[in-house]
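The structure under discussion appears below in the form of structure tokens.
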Amino acid sequence: MFPFTIMGQVSMKAMVHKTGTEGQWLVQEEVDIAEPGEHEVLVRVGACGVCRTDLHIVEEDLPPLSDAIVPGHEIIGTVERAGKAVSRFAAGDTAGIMWLHAACGRCDYCISGRENLCPQKVFTGYSVNGGYAEYALGREEYMLPVPAGLAPEKAAPLMCSGIIGYRALKLALPGPAGRLGIFGFGGSAHLTVQLAAGMGMDVCVVSRSEEHLKLASQLGASETIQSGVTGLAGLTEKFDSAIVFAPSGNVVKQALESIRPGGKVAVPAVHLDRLPEMDYNGHLFNEKKLFSVEANTRADAKEFLEMALRLGLRSEVEVLPFDRANTALEKLKHSAVNGAVVLRIT
Ligand SMILES: [Zn+2]
Ligand SMILES: [Zn+2]
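So the mapping is simple: this note's numbering equals the position in the sequence shown, first residue as 1, plus 16.
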């Protein structure tokens, strides 16, 4: 078979995680450019967001699925070439590739609008190579058309951080004028606070970092609590619902203590350290509900993007060059980012 070429280029730069190489998350390598299959689309990556899930992949908290993987699933790019059967995208279009790369389309989850739970689902940057590279492949039906006017580095965090926050909010249902608690404040939370405030909710952000709380107030939080200093002592009124973005079981416990009877706690984390022992009466009784949020459906993505554009959601991003992906992950690990961190690729 002839190698696939773009303007004579057969390979591309990519940041690769090799399984089992402890202490070295990513190395830069030349990787073959994949040829799009019938229903696939090859995009030239403009920017790729760095999501906490990527950190769990390179630290192998999530079990590795192959010997080597290119992470990255918040991809904004320009369509370079589309497979023969592709009808939704053409060369030059702006497109987003998300965490849910594909699902089977036939199982009971897929046909009931819950493709995020499909047992055969495939993830971008985990099951298949992702966007820490010059080019990435997407599956036409699972890609999102994106307005061309959006700056790639501003749009990238919407592709996972934004959508998962939207799904958590949709499932936590605090009501249009409800009171929402947001625990932890990173890439996803900084978009969710704007979304919830824009929808008319009363939002309180709980975080250890003063810098994070300052940004939360600027983006629409009506109340902030610095948890490291006072715990939840400053909480004036309990929440109708809470979303826990901090990947910590102790924070989940704290969130369950902060909601009213009948309240819900959503945990949109792909990995959590551990759940501490809890007290049934104190944490779950009174019809409190605790649930996880996994990935997203295509409907979530579409609904969220429309809403983000309508409400004028603003991504606060720190942009780093592609070859500093390890630094970006390091910053994420130590909560040294206020907002989201994004790699500028091309
Ligand atoms: Zn993600
Ligand atoms: Zn399925």
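Ideal placement from N, C-alpha and C gives every residue a C-beta, glycine not left out. Just so you know, these numbers come straight off a predicted model, no measurement behind them.
Cβ-Cβ separation, V260 to V281 (assumed contact under 8 Å), whole Å: Residue mapping note: residue 281 aligns to position 265 of the sequence shown, counting from 1. Residue mapping note: residue 260 aligns to position 244 of the sequence shown, counting from 1. That belief holds up - the Cβ atoms of V281 and V260 are roughly 6 Å apart, short of 8 Å.
Neighbourhood of N342 by C-beta distance below 6 Å, restricted to the same chain and skipping five residues each side: Sequence index remark: in the sequence shown, residue 342 carries index 326 (1-based). Hits under 6 Å: W41, L42.
Segments of 3+ residues assigned as beta strand (DSSP E) that fall wholly inside the region 238 to 322: 239 to 242, 255 to 260, 275 to 283, 305 to 308
Identified DSSP bridge partners for Q40: Reading the sequence shown from its first residue, position 24 is the one you call residue 40. Q40 is not bridged to any residue.
Beta-carbon spacing of T69, V286 below 7 Å: As a first step, residue 69 must be located in the sequence shown, where it is residue number 53. As a first step, residue 286 must be located in the sequence shown, where it is residue number 270. Taking 7 Å as the Cβ cut-off, T69 and V286 qualify as a contacting pair.
Test item, CB below 6 Å from any non-hydrogen atom of ligand 1: C67, T69, H89, W115, C176
Per-residue burial, H117 [other beta carbons within 10 Å of its own, 16 or more giving buried]: In the sequence shown, residue 117 corresponds to position 101, counting from 1. With 16 or more other Cβ atoms within 10 Å, it is buried.
Given 8 Å, three or more beta-carbon pairs between the region 188 to 201 and the region 223 to 243: yes
Among I92, E75, G93, nearest to I85 - alpha-carbon criterion: Within the sequence shown, residue 85 is the residue found at index 69, counting from 1. Of the candidates I92, E75, G93, the one whose C-alpha sits nearest the C-alpha of I85 is E75.
DSSP state of A66 mapped onto helix, strand, coil: On the sequence shown, residue 66 is found 50 positions in, with the first residue counted as 1. Residue identity differs from the one stated: residue 66 is Val in this sequence, not Ala. Looking at V66 - three-state DSSP - the assignment turns out to be strand.
Spatial distance of V57 from I92 (CA atoms): Within the sequence shown, numbered from 1, the residue matching residue 57 stands at position 41. Within the sequence shown, numbered from 1, the residue matching residue 92 stands at position 76. If you take the alpha carbons of V57 and I92, they lie about 13 Å apart.
Alpha carbon of S82 to alpha carbon of K137, nearest angstrom: By one-based count along the sequence shown, residue 82 stands at place 66. By one-based count along the sequence shown, residue 137 stands at place 121. Rounded to the nearest angstrom, the two C-alpha atoms are 16 Å apart.
CB contact flag (C176, W115, <7 Å): Within the sequence shown, residue 176 is the residue found at index 160, counting from 1. Within the sequence shown, residue 115 is the residue found at index 99, counting from 1. Yes.
Selection from K29, R326, G178, A315 that minimises the alpha carbon distance to G146: Against the sequence shown, residue 146 aligns to sequence position 130. Ranking K29, R326, G178, A315 by Cα distance to G146 puts K29 first.
Buried or exposed (CB count within 10 angstroms, at least 16 for buried), S128: Walking along the sequence shown from the start, residue 128 turns up at place 112. Exposed: under 16 other Cβ atoms inside 10 Å.
Q25 classed as buried or exposed, judged by whether at least 16 other C-beta atoms fall within 10 angstroms: Within the sequence shown, the letter at position 9 stands for residue 25. With fewer than 16 other Cβ atoms within 10 Å, it is exposed.
Complete beta strand (DSSP E) runs within the region 160 to 203 (minimum length 3 residues, chain order): 195 to 199
Cβ-heavy atom distance, G119 to ligand 2, below 6 Å: Along the sequence shown, read from residue 1 onward, the residue named residue 119 stands at position 103. Gly is not the amino acid found at residue 119; the sequence shown has Ala there. Correct: A119 has its Cβ closer than 6 Å to ligand 2.
Cβ pair V32, V59 closer than 7 Å: For the purposes of this step, residue 32 is taken as the residue at position 16 of the sequence shown. For the purposes of this step, residue 59 is taken as the residue at position 43 of the sequence shown. Not in contact: V32 and V59 (Cβ atoms no closer than 7 Å).
Any non-hydrogen atom of ligand 2 within 6 Å of Y125 CB: Sequence index remark: in the sequence shown, residue 125 carries index 109 (1-based). Yes; taking the cut-off as 6 Å, the Cβ of Y125 has a heavy atom of ligand 2 nearer than that.
S257 vs A188 beta-carbon contact at 7 Å: Numbered from its first residue, the sequence shown carries residue 257 at position 241. Numbered from its first residue, the sequence shown carries residue 188 at position 172. Yes.
Spatial distance of G214 from T35 (CA atoms): Translated into the one-based positions of the sequence shown, residue 214 becomes position 198. Translated into the one-based positions of the sequence shown, residue 35 becomes position 19. Each residue's Cα considered, the two are about 42 Å apart.
G197 vs S274 beta-carbon contact at 7 Å: Looking up residue 197 in the sequence shown gives position 181. Looking up residue 274 in the sequence shown gives position 258. In this structure, S274 lies closer than 7 Å to G197 by Cβ.
Inter-residue spacing [alpha-carbon to alpha-carbon] between K269 and L321: The count along the sequence shown starts at 1 and reaches residue 269 at position 253. The count along the sequence shown starts at 1 and reaches residue 321 at position 305. Roughly 31 Å between the two C-alpha positions.
Closer than 6 Å: C64 CB and nearest ligand 2 heavy atom: Indexing the sequence shown from 1 puts residue 64 at position 48. C64 Cβ: outside cutoff for every heavy atom of ligand 2.
Contacting residues, own chain, Cβ-Cβ under 6 Å from G247 (five flanking each side not counted): Start at 1 with the first residue of the sequence shown, and residue 247 comes out as number 231. No residues qualify anywhere along the chain.
Distance between R314 and L327 (C-alpha atoms, nearest Å): As a first step, residue 327 is located in the sequence shown; it is residue number 311 there, counting from the start. As a first step, residue 314 is located in the sequence shown; it is residue number 298 there, counting from the start. Each residue's alpha carbon lies about 20 Å from the other.
Unbroken beta strand (DSSP E) run spanning I92, endpoints: Residue numbering aside, residue 92 sits at position 76 when the sequence shown is read from its first letter. That run of the beta strand (DSSP E) goes 90 to 98.
Endpoints, alpha helix (DSSP H) assigned at D124: On the sequence shown, residue 124 is found 108 positions in, with the first residue counted as 1. Residues 124 to 127.
Environment of F255 [buried if 16+ CB atoms lie within 10 Å]: Stepping through the sequence shown from its first residue, residue 255 is reached at position 239. Label assigned to F255: buried.
Proximity below 7 Å, CB of A356 to CB of P168: By 1-based counting over the sequence shown, the position of residue 356 is 340. By 1-based counting over the sequence shown, the position of residue 168 is 152. For A356 and P168, no; Cβs fall outside 7 Å.
Contact test: C134 Cβ vs ligand 2 heavy atom, cutoff 6 Å: Sequence index remark: in the sequence shown, residue 134 carries index 118 (1-based). True, at least one ligand heavy atom lies under 6 Å from that Cβ.
Cα-Cα separation between K305 and A184, rounded to whole angstroms: Translated into positions along the sequence shown, residue 305 becomes position 289. Translated into positions along the sequence shown, residue 184 becomes position 168. Approximately 13 Å, taken between the alpha carbons.
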